[in-house]
Amino acid sequence: MTEPMTPTTLFKCLADDTRAKISLLVVSEGELCVCELTAALDLNQPKISRHLALLRSAGLLLDRRQGQWVYYRLNPDLPAWVTAVLKEVVDANQQWLETEAKRLCGMNDRPINQAVCS
Numbered sequence: 001m002t003e004p005m006t007p008t009t010l011f012k013c014l015a016d017d018t019r020a021k022i023s024l025l026v027v028s029e030g031e032l033c034v035c036e037l038t039a040a041l042d043l044n045q046p047k048i049s050r051h052l053a054l055l056r057s058a059g060l061l062l063d064r065r066q067g068q069w070v071y072y073r074l075n076p077d078l079p080a081w082v083t084a085v086l087k088e089v090v091d092a093n094q095q096w097l098e099t100e101a102k103r104l105c106g107m108n109d110r111p112i113n114q115a116v117c118s
């Protein structure tokens, strides 16, 4: 992240429904791979990847490669207020993410390093 995160940058990232859901699912789960996001959001990989690229270029998410998987997580260098806002939004909007969370939990062949769904 070259520029500090501003409210304008954050809210532009979250202004799109898909990017908002990607961001909040990542906050909720800690880390997700592209295949998990495609399953959760029921969207194709190119569309998910395009949104992830925007979130990464804005500095909101970081990625890492592990074998064939690319995992995304919240950038740990974000200002504390950004993390606090995102966590508060996740906590207050579980119902809004319910469908996507169920799809994620029902995903077959989910990568091993993910938490068990409850």
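Each residue of the sequence shown is one higher than the last, beginning at 1 in UniProt numbering. Idealized CB from N, CA, C, for every residue including glycine.
Can you tell me whether S23 is buried or exposed, with buried defined as 16 or more other CB within 10 angstroms of its CB?
-> For this step, residue 23 is matched to residue 23 along the sequence shown. So S23 counts as buried.
For R103, collect the residues of the same chain with a Cβ closer than 7 angstroms to its Cβ; drop the 5 residues on either side in sequence, then sort them by chain order.
-> Taking the sequence shown and counting its residues from 1, one reaches residue 103 at position 103. Within the same chain, R103 has close Cβ partners A39, A40 and D42.
Should R64 go down as buried or exposed, given a rule of 16 or more other Cβ atoms within 10 Å for buried?
-> If you number the sequence shown from 1, residue 64 lands on position 64. With fewer than 16 other Cβ atoms within 10 Å, it is exposed.
Start-end ranges of the beta strand (DSSP E) lying completely within the stretch 15-84, minimum 3 residues | If we require 3 residues or more, the beta strand (DSSP E) runs fully inside the stretch 15-84 come out as 61-66 and 69-74.
Hey, quick one: how far does the alpha helix (DSSP H) through N99 stretch, first residue to last?
-> Looking up residue 99 in the sequence shown gives position 99. The sequence shown places Thr at residue 99, rather than the Asn named in the question. Segment E98 to C105, the alpha helix (DSSP H) holding T99.
Reduced DSSP category for E3 - H, G, I as helix; E, B as strand; rest coil | Numbered from 1 along the sequence shown, position 3 holds the residue referred to as residue 3. In the structure shown, E3 sits in coil (DSSP, three-state: anything other than H, G, I, E or B).
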